[in-house]
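Number of protein chains: 2
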Amino acid sequence: MPYGGVMNARVRSGERRAEIVGAALEVIAERGYRGASLAAVAERVGLTQQGLLHYFPTKDALLVAVLQERDRWDAVPDTQWRVDLLASLVEYNAMRPAIIQTFSALLGESVTEGHPARSYFTERYARVRESMATVLRAEYGDRLPNGLTPERTAPLLVAVMDGLQYQWLLDPESVDMPGAFRDFLRLLGEPAA
Amino acid sequence: MPYGGVMNARVRSGERRAEIVGAALEVIAERGYRGASLAAVAERVGLTQQGLLHYFPTKDALLVAVLQERDRWDAVPDTQWRVDLLASLVEYNAMRPAIIQTFSALLGESVTEGHPARSYFTERYARVRESMATVLRAEYGDRLPNGLTPERTAPLLVAVMDGLQYQWLLDPESVDMPGAFRDFLRLLGEPAA
DNA sequence: TCCGCTACCTGTAGAGTGGTAGGTTTCGTT
DNA sequence: AACGAAACCTACCACTCTACAGGTAGCGGA
Numbered sequence: 001m002p003y004g005g006v007m008n009a010r011v012r013s014g015e016r017r018a019e020i021v022g023a024a025l026e027v028i029a030e031r032g033y034r035g036a037s038l039a040a041v042a043e044r045v046g047l048t049q050q051g052l053l054h055y056f057p058t059k060d061a062l063l064v065a066v067l068q069e070r071d072r073w074d075a076v077p078d079t080q081w082r083v084d085l086l087a088s089l090v091e092y093n094a095m096r097p098a099i100i101q102t103f104s105a106l107l108g109e110s111v112t113e114g115h116p117a118r119s120y121f122t123e124r125y126a127r128v129r130e131s132m133a134t135v136l137r138a139e140y141g142d143r144l145p146n147g148l149t150p151e152r153t154a155p156l157l158v159a160v161m162d163g164l165q166y167q168w169l170l171d172p173e174s175v176d177m178p179g180a181f182r183d184f185l186r187l188l189g190e191p192a193a
Numbered sequence: 194m195p196y197g198g199v200m201n202a203r204v205r206s207g208e209r210r211a212e213i214v215g216a217a218l219e220v221i222a223e224r225g226y227r228g229a230s231l232a233a234v235a236e237r238v239g240l241t242q243q244g245l246l247h248y249f250p251t252k253d254a255l256l257v258a259v260l261q262e263r264d265r266w267d268a269v270p271d272t273q274w275r276v277d278l279l280a281s282l283v284e285y286n287a288m289r290p291a292i293i294q295t296f297s298a299l300l301g302e303s304v305t306e307g308h309p310a311r312s313y314f315t316e317r318y319a320r321v322r323e324s325m326a327t328v329l330r331a332e333y334g335d336r337l338p339n340g341l342t343p344e345r346t347a348p349l350l351v352a353v354m355d356g357l358q359y360q361w362l363l364d365p366e367s368v369d370m371p372g373a374f375r376d377f378l379r380l381l382g383e384p385a386a
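Chains as they are written, first to last, in the working numbering: chain V, 1 to 193; chain W, 194 to 386.
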C-alpha cells in the first residue's frame, strides 16, 4: 500500500501544494527562512525532501509561493479600507500569532544582503504606504494634527503596526497590541468623514 | 614570521576580542545570526575559524558578546534622556545603517523558537519601555493627548522607532526616518517641561 | 635558561544542507 | 488493456556548518 494507498483518496495537486505552503509557513515561523529546511517542511506533510522538490523545484520557489499566499490573504478586494477596520485587523492578527510570526521573521531576515524576500518587502511596503495614505486622506483629509499630511502619516501607521508586532511576539503578556494600536489611532484625532 | 610576526605589534587579547565582535556585527548585518558562519567572521579578522573559537568557545558565546556590546553602546550613563535627544538618536542612527541592520536582523530572528537572543530582546524591551515611560512622564506629565498615559505611550514610541527602521533599511530613498520620527513626536504635543 | 601560558594552527568528526539523477508506482485517459 | 504523465521514492553528490583534539610557535616571568 505505497504512498498512502487506497485509504487516502489522492489529493489533487493544488491541494497538496497548499498543504506544503501551510507547512512552510509554520516552519518559517519557527526557524526563519534561512533556518527552515526543506526536509522539515516535507516531513510535516508526510513527504520526503525530494518529494517536496517535485512540487517546488527550489527552496526559493517555495518562498515565492509563501509570499504570494500572503498577498492573496490581505488583498481585501474592492473593500475600501477604513481606519477602524485596521483596528479590527490588528485585533484579528492578535489571534493568529503563527502567521504574524512568520512574516515578522521574514521581514527581519529580508534586510540582510541578497535575501530572496528583500525586493518583495520593499515593493510591498511602498504599496502599503500608498494605500494607507489614501485611506487616511479619505477619512481625515487634511485635518490631521499639526498639519501632518496623509503621506507623512502613512509610514508612521505602518511602523506602529510592525513595531508593536515584535514587542507583542516577544512578550504577549506585557503588550496589549490591539489596545496600543487604538491608542495610536486616537493620536490622529477624530476622523472627519 | 608566523602569526604576523614582529611587524604587527602583538595586539592584546581584549583588543582582539573587540575586533572579532566588530567583524561579527558586520557579518550578522549581512547574513543574520543563523546565516553568519564563524569562518566568515574569522576571515574578516585574519583568523581561521578555529582560531576564533579560541576567543569565543561557541557561536552563542560570540552572540552574547555582540549583545553586550550593544548594551554598552546605548547605556548613556546617568544622562537623563529627553525626547528631543531621542530625535537626535534617530538622526544619528540614520548615519549608521550597518549597526541598525545588525540589530534589526537579530530582532527579526529572535521571535523564532529557541533563538539564543530571544530572552535578551524580551528583557531589553521591557527595560526600554519602562525607561521611555519615565522620560515621557518627566517631560509630558499627564498632558499627553486624549488622556494617554506615559505607560501606554511608551510601547508606541518604541514601535515607531523599530518599524521605521525596517522601512528605512528596505528603502532608504523613500523613507525619511528622522523626519517621520519627529512627525510622531509632534503628535504627542508640546512637552510641558 | 627553562617553563608555562597565550595565541594561534592543521586535521577531522559528524551532522545537515539544497539539489540532481533516475527509478517505480498509480491514475486518468484513450 | 495500453500508455503517458503525475506523484512520489531511493541513492547520492558536493558542500557547509559547528565543534573537538591535539598540536606548535613565541613571549613573559622566575
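The beta-carbon is built from N, C-alpha and C at its ideal position, and this holds for glycine as well.
Source: prediction; values computed, not measured.
To the nearest angstrom, report how far apart residue i and residue j are at their CA atoms.
i          : j          : result
Trp-274(W) : Ala-258(W) : 25 Å
Glu-306(W) : Glu-30(V)  : 5 Å
Ser-297(W) : Gly-108(V) : 6 Å
Leu-188(V) : Gly-46(V)  : 50 Å
Pro-155(V) : Ser-13(V)  : 40 Å
Pro-309(W) : Leu-256(W) : 8 Å
Ala-42(V)  : Gln-243(W) : 34 Å
Ala-87(V)  : Leu-185(V) : 8 Å
Ala-98(V)  : Lys-252(W) : 28 Å
Tyr-226(W) : Arg-336(W) : 42 Å
Pro-250(W) : Gly-228(W) : 18 Å
Glu-91(V)  : Asp-176(V) : 10 Å
Leu-299(W) : Arg-317(W) : 13 Å
Pro-178(V) : Gln-294(W) : 27 Å
Thr-48(V)  : Phe-181(V) : 43 Å
Glu-383(W) : Glu-130(V) : 29 Å
Val-321(W) : Val-276(W) : 14 Å
Leu-282(W) : Ala-138(V) : 34 Å
Ala-287(W) : Glu-15(V)  : 46 Å
Leu-85(V)  : Arg-311(W) : 32 Å
Counting only C-beta atoms, is residue i closer than 9 Å to chain V at any point?
i          : result
Arg-203(W) : Confidence in Arg-203(W) is poor, its pLDDT being 48 and thus under 50, which makes the residue's placement unreliable; the coordinate value appears in the next sentence. Chain V, which has no Cβ nearer than 9 Å to the Cβ of Arg-203(W), makes this no.
Gln-243(W) : no
Gln-273(W) : no
Asp-267(W) : no
Gly-215(W) : no
Pro-195(W) : With a pLDDT of only 38 at Pro-195(W), under the threshold of 50, the placement of this residue in the model should not be trusted; the figure read from the coordinates follows. Chain V contact via Cβ: absent.
Gln-261(W) : no
Ala-232(W) : no
Asp-335(W) : no
Ala-235(W) : no
Arg-227(W) : yes
Pro-338(W) : yes
Could you please give the first and the last residue of the uninterrupted alpha helix (DSSP H) stretch that includes residue i?
i          : result
Ser-37(V)  : First-last for Ser-37(V): undefined, no H or E at that position.
His-54(V)  : 49-55
Trp-361(W) : 343-363
Val-328(W) : 311-333
Leu-144(V) : Per DSSP, Leu-144(V) belongs to no alpha helix (DSSP H) and is neither H nor E.
Gly-189(V) : Looking at the DSSP string, Gly-189(V) is not in any alpha helix (DSSP H), and its letter there is neither H nor E.
Thr-295(W) : 290-303
Ser-88(V)  : 83-93
Arg-72(V)  : 59-73
Determine whether the beta carbon atoms of residue i and residue j lie at a separation below 9 Å.
i          : j          : result
Tyr-55(V)  : Arg-96(V)  : no
Ala-352(W) : Gly-163(V) : yes
Tyr-120(V) : Leu-67(V)  : yes
Gln-165(V) : Ser-174(V) : no
Glu-69(V)  : Val-27(V)  : no
Leu-148(V) : Met-132(V) : no
Asp-376(W) : Arg-152(V) : yes
Thr-315(W) : Asp-171(V) : yes
Pro-145(V) : Leu-136(V) : no
Leu-38(V)  : Leu-53(V)  : yes
Arg-237(W) : Ala-254(W) : no
Would you please verify whether the beta carbon of residue i is less than 9 Å from any beta carbon of chain W?
i          : result
Glu-30(V)  : yes
Thr-58(V)  : no
Tyr-92(V)  : no
Met-161(V) : yes
Gly-14(V)  : no
Met-7(V)   : Reliability fails at Met-7(V), whose pLDDT of 34 lies under 50, so the model's placement of it is uncertain and the value that follows must be treated cautiously. No, no contact with chain W.
Ser-131(V) : no
Ala-126(V) : yes
Thr-112(V) : yes
Ala-180(V) : yes
Leu-156(V) : yes
Ser-174(V) : yes
Tyr-55(V)  : no
Leu-86(V)  : no
Ala-105(V) : yes
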